[in-house]
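**Student:**
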Amino acid sequence: MFFRCKSCLLPNTKPDLHFEGDTCLACKYQKYHEEEIDWGERRKEFDELVSQMKRSDDTYDCLIAVSGGKDSTYQVYLATQVAGLKPLLVAFEPSRPTDVGRHNLKVMTNAFNCDLIQLQKSSTYRKLARAGFDLVGDHEWPNHVGIFCWPVRMALTMGISTIFYGEAGGYIGLGRWEKIQSEKELTREHIEQYVGMNGLRLSDILETDDSIQKKDVLPYIYPSEEELKKLNITAYNLGHFFPWDTQENIKLIKKYGWRPAPERTEMDFGNWESIDCGFMPMHQYFKFIKYGYSRATDHASYELRHNRMSKKQAIEYIRTYDWPLPTRYFEEFLEFLDIDEEYFFKTVDRFANPLLFETDANGNFVHMWDGNLLLKDAWYDSFDF
Ligand SMILES: [Zn+2]
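In the working numbering, the protein residues as written are 433 to 817.
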């Protein structure tokens with residue numbers, strides 16, 4: 433059965449979203465965040481942490497994994513302008529870098545006077561993207577893995593023992609209540625369970641593809657516990673210490689030169705999320721065919737939880753922008769994965785959810801003239817409460 437949270441419209445199919453009655457935990461967390469957390473206490477906790485991590489030797493105080501996106505820019509703002517730390521920034525080159533993404537990365541290093549190391553991906557990345565696409569319907573798989581594993585490896589290499597990440601998962605409804613509430617540190621368990629690994633492990637790929645050696649995939653391997661213990665590396669979510677609101681954060685970082693995308697992002701009604709990668713809407717498209725929601729839902733529900741959007745407007749955005757196949761980088765995407773259109777749509781059919789899309793008498797999915805799958809009434813009816 434496909435249903436939505438009565439308050440914010442997130443669907444029950446969203447992985448790791450839990451419900452209490454007809455309300456989701458993202459809604460519960462929003463209330464908790466606004467009414468129960470003592471932010472003064474959290475700030476004290478942060479200041480104490482900062483005083484411990486300021487290094488007297490000639491090295492960076494901490495490491496921040498950045499994309500140049502709204503969240504990482506805000507993290508660098510907090511670390512440099514609020515905490516007075518000297519972070520080393522590390523970035524993982526997106527699948528398909530965009531101009532606005534490059535601009536925002538440059539702005540970040542200039543405005544906050546930070547050194548940045550970017551991993552420019554080898555050709556192995558494309559092989560891993562293709563494996564992710566074929567095996568779990570997600571070409572961004574190596575990116576999800578890389579942006580969490582590589583910064584930790586870099587911290588080890590550079591002798592930096594504190595890593596900062598951004599918002600806590602509770603804001604977007606990730607995980608069970610006990611976990612959401614205590615989300616200060618980011619552990620290997622969290623990464624393996626929640627960071628879009630989709631059950632695919634690198635070892636599975638190494639076993640099946642002889643052309644990939646272990647040394648080709650070092651950025652995607654999380655260091656061992658022993659390696660981590662040597663430096664006592666700890667990764668913190670800054671969202672644990674500071675209230676986190678996307679729109680407020682964007683207002684602030686714009687003052688430092690950060691820009692949203694010049695046009696609406698496909699699969700979304702906005703232009704502020706994942707704008708550093710041209711292929712990210714395709715990741716959202718596969719999310720839609722598997723689970724029946726994409727970025728338009730994520731953002732409409734976020735605005736609903738913040739009481740900044742009417743439910744009528746949210747529903748309209750979701751019904752308009754959540755489902756259409758992204759076309760802006762479509763040809764380039766096929767080329768990137770070395771596939772043709774027929775292969776693409778066959779893969780779509782392998783991952784499409786039969787509860788959400790119409791099939792013909794032979795059980796094959798029905799595609800419309802523009803390639804889009806035909807949604808069942810159940811999806812449209814899910815807005816009726
Ligand atoms: Zn909700």
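By construction, the Cβ of each residue, glycine as well, lies at the ideal position given by its N, Cα and C atoms.
(1) Quick check: does the Cβ of Ala728 come within less than 7 Å of any heavy atom belonging to ligand 1?
(2) Going by DSSP in three states, Tyr492 sits in which element: helix, strand or coil?
(3) Do you know offhand how far Glu680's Cα is from Asp813's?
(4) According to DSSP, is Phe776 helix, strand or coil?
(5) Measure from the alpha carbon of Trp573 to the alpha carbon of each residue in Gln716, Met800, Phe596, then state which is nearest.
(6) When you measure from the CB of Ala458 to every non-hydrogen atom of ligand 1, does any distance come out below 7 Å?
(7) If we ignore side chains and look at the alpha-carbon of each, how far apart do Glu452 and Val514 end up?
(8) To which residues of the same chain is Ile685 closer than 8 Å at the C-beta, ignoring the five residues directly before and after it?
(9) Thinking just about the alpha-carbon of each residue, which of Tyr668, Pro583, Ile747, Pro447 is nearest to the one in Arg474?
(10) Going by the DSSP bridge assignment, what does Arg436 pair with across the sheet?
(11) What is the DSSP secondary structure of Gln375, reduced to helix, strand or coil?
(12) Looking at the unbroken beta strand (DSSP E) that takes in Ala523, where does it start and where does it end?
(13) Quick check: the region 761-781 against the region 527-541, are at least 3 beta-carbon pairs closer than 8 Å?
(14) In the structure shown, what three-state DSSP assignment does Asn536 receive?
(15) Only counting the same chain, and skipping five residues up and downstream in sequence, which positions put a Cβ closer than 6 Å to that of Ala732?
(16) Take Arg608 and list the residues in its own chain whose beta-carbon comes closer than 8 Å to its own, dropping the five residues that flank it on each side.
(17) Out of Leu663, Val798, Asp454, Asp792, state which residue places its alpha-carbon closest to the alpha-carbon of Phe777.
(18) Taking the C-alpha atoms as reference points, what is the distance between Asp636 and Gln645?
(19) From what residue to what residue does the alpha helix (DSSP H) around Tyr749 run?
(20) Any idea if Lys446 is buried or exposed, counting beta-carbon neighbours within 10 angstroms, 16 or more meaning buried?
(21) Which runs of the alpha helix (DSSP H) spanning at least 4 residues fall entirely within the region 659-745, listed in chain order?
(22) State buried or exposed for Ser554, treating a residue as buried only when at least 16 other CB atoms are found within 10 Å of its CB.
(23) Verify whether the separation of the beta carbon atoms of Cys494 and Leu521 is less than 8 Å.
(24) Within 10 Å of its beta-carbon, does Gln484 have 16 or more other beta-carbons around it, so buried, or fewer, so exposed?
(25) Using alpha carbons as the reference points, say which of Cys581, Gly500, Met699, His672 lies closest to Asp479.
(26) Per the DSSP calculation, His799 is bridged to which residue(s)?
(27) From the DSSP output, which residues share a beta bridge with Tyr557?
(28) Across the region 727-743 and the region 693-702, are there enough close Cβ pairs to call them in contact, namely three or more that are closer than 8 Å?
(29) Give every residue of the same chain whose Cβ lies closer than 7 Å to the Cβ of Ile579, excluding the five residues on either side of it in the sequence, and list them in chain order.
(30) According to DSSP, is Tyr812 part of a helix, a strand, or is it coil?
(31) Would Phe776 count as contacting chain E if we go by Cβ distances under 8 Å?
(32) Here's the rule I'm using: 16 or more other beta-carbon atoms within 10 Å means buried, otherwise exposed. How should Leu650 be labelled?
(33) By DSSP, does Ala784 sit in helix, in strand, or in coil?
(34) From Gly628 to Ile721, what does the alpha carbon distance come to, in whole angstroms?
(35) Go ahead and label Asn794 buried or exposed: buried means 16 or more other beta carbons lie within 10 angstroms of its beta carbon, across all protein chains shown.
(36) Taking 7 Å as the cut-off, is the beta-carbon of Ser814 closer than that to any non-hydrogen atom of ligand 1?
**Tutor:** So, from the data block:
(1) Reading the sequence shown from its first residue, position 296 is the one you call residue 728. False, no ligand heavy atom lies under 7 Å from that Cβ.
(2) In the sequence shown, residue 492 corresponds to position 60, counting from 1. Reduced to three states, the DSSP call for Tyr492 is coil.
(3) Counting from one through the sequence shown, the residue named residue 680 turns up at place 248. Counting from one through the sequence shown, the residue named residue 813 turns up at place 381. Computed Cα separation, rounded: 33 Å.
(4) Here residue 776 refers to the residue found at position 344 when the sequence shown is read from its first residue. Phe776: helix per DSSP, three-state reduction.
(5) Along the sequence shown, read from residue 1 onward, the residue named residue 573 stands at position 141. Comparing Cα-Cα distances from Trp573 to each of Gln716, Met800, Phe596, the minimum goes to Gln716.
(6) Taking the first residue of the sequence shown as 1, we reach residue 458 at position 26. The answer is yes for Ala458.
(7) Here residue 452 corresponds to residue number 20 of the sequence shown, with the count starting at 1. Here residue 514 corresponds to residue number 82 of the sequence shown, with the count starting at 1. Roughly 37 Å between the two C-alpha positions.
(8) Position 253 of the sequence shown, counted from the first residue, corresponds to residue 685. For Ile685, where only same-chain residues beyond five positions count, the Cβ hits under 8 Å are Lys502, Thr505, Tyr506, Tyr509.
(9) For this step, residue 474 is matched to residue 42 along the sequence shown. When Tyr668, Pro583, Ile747, Pro447 are compared, the shortest CA-CA separation from Arg474 is found for Tyr668.
(10) On the sequence shown, position 4 is the one that residue 436 refers to. Paired residue(s): Pro443.
(11) As displayed, the chain neither begins before 433 nor continues past 817, which places residue 375 out of reach and without an answer.
(12) On the sequence shown, residue 523 is found 91 positions in, with the first residue counted as 1. For Ala523, the enclosing beta strand (DSSP E) has its first and last residue at 519-524.
(13) yes
(14) Counting from 1 along the sequence shown, the entry for residue 536 is found at position 104. Looking at Asn536 - three-state DSSP - the assignment turns out to be helix.
(15) Residue 732 sits at position 300 when you count from the first residue of the sequence shown. Hits under 6 Å: Ala746, Tyr749, Ile750.
(16) Residue numbering aside, residue 608 sits at position 176 when the sequence shown is read from its first letter. Within the same chain, Arg608 has close Cβ partners His450, Leu457.
(17) For this step, residue 777 is matched to residue 345 along the sequence shown. Closest option to Phe777, Cα to Cα, is Val798.
(18) Locating residue 636 in the sequence shown gives position 204, counting from the first residue. Locating residue 645 in the sequence shown gives position 213, counting from the first residue. Cα to Cα, the separation comes out at about 12 Å.
(19) Reading the sequence shown from its first residue, position 317 is the one you call residue 749. That run of the alpha helix (DSSP H) goes 743-753.
(20) What you label residue 446 is simply residue 14 of the sequence shown in a count that begins at 1. Looking at its Cβ environment, which holds 16 or more other Cβ atoms inside 10 Å, Lys446 is buried.
(21) For the alpha helix (DSSP H) assignment, the uninterrupted runs of no fewer than 4 residues enclosed by the region 659-745 are, from N- to C-terminal side, 678-686, 712-723, 727-737.
(22) Counting from 1 along the sequence shown, the entry for residue 554 is found at position 122. Result: exposed.
(23) Within the sequence shown, the letter at position 62 stands for residue 494. Within the sequence shown, the letter at position 89 stands for residue 521. Taking 8 Å as the Cβ cut-off, Cys494 and Leu521 do not qualify as a contacting pair.
(24) The count along the sequence shown starts at 1 and reaches residue 484 at position 52. Answer is exposed; the Cβ neighbour count stays below 16.
(25) Within the sequence shown, the letter at position 47 stands for residue 479. Ranked by Cα distance from Asp479, the options Cys581, Gly500, Met699, His672 are led by His672.
(26) Position 367 of the sequence shown, counted from the first residue, corresponds to residue 799. Per DSSP, Leu805.
(27) Residue numbering aside, residue 557 sits at position 125 when the sequence shown is read from its first letter. None; Tyr557 has no bridge partner.
(28) yes
(29) Taking the sequence shown and counting its residues from 1, the one referred to as residue 579 is at position 147. Excluding sequence neighbours, Ile579 sits near Ala497, Phe524.
(30) Counting from one through the sequence shown, the residue named residue 812 turns up at place 380. Helix at Tyr812.
(31) Going by chain labels, chain E is absent from the structure shown, which holds only one protein chain.
(32) Residue 650 sits at position 218 when you count from the first residue of the sequence shown. It counts as exposed.
(33) To locate residue 784, count along the sequence shown from 1; it is residue 352. The answer is coil: DSSP assigns Ala784 none of H, G, I, E or B.
(34) The sequence position of residue 628 within the sequence shown is 196, counting from 1. The sequence position of residue 721 within the sequence shown is 289, counting from 1. In this predicted model, Gly628 has a pLDDT of only 49, less than 50, meaning its place in the structure is not dependable enough to derive any value.
(35) Counting from 1 along the sequence shown, the entry for residue 794 is found at position 362. It counts as exposed.
(36) As a working note, residue 814 is residue 382 in the sequence shown. Not so, every heavy atom of ligand 1 lies at least 7 Å from the Cβ.
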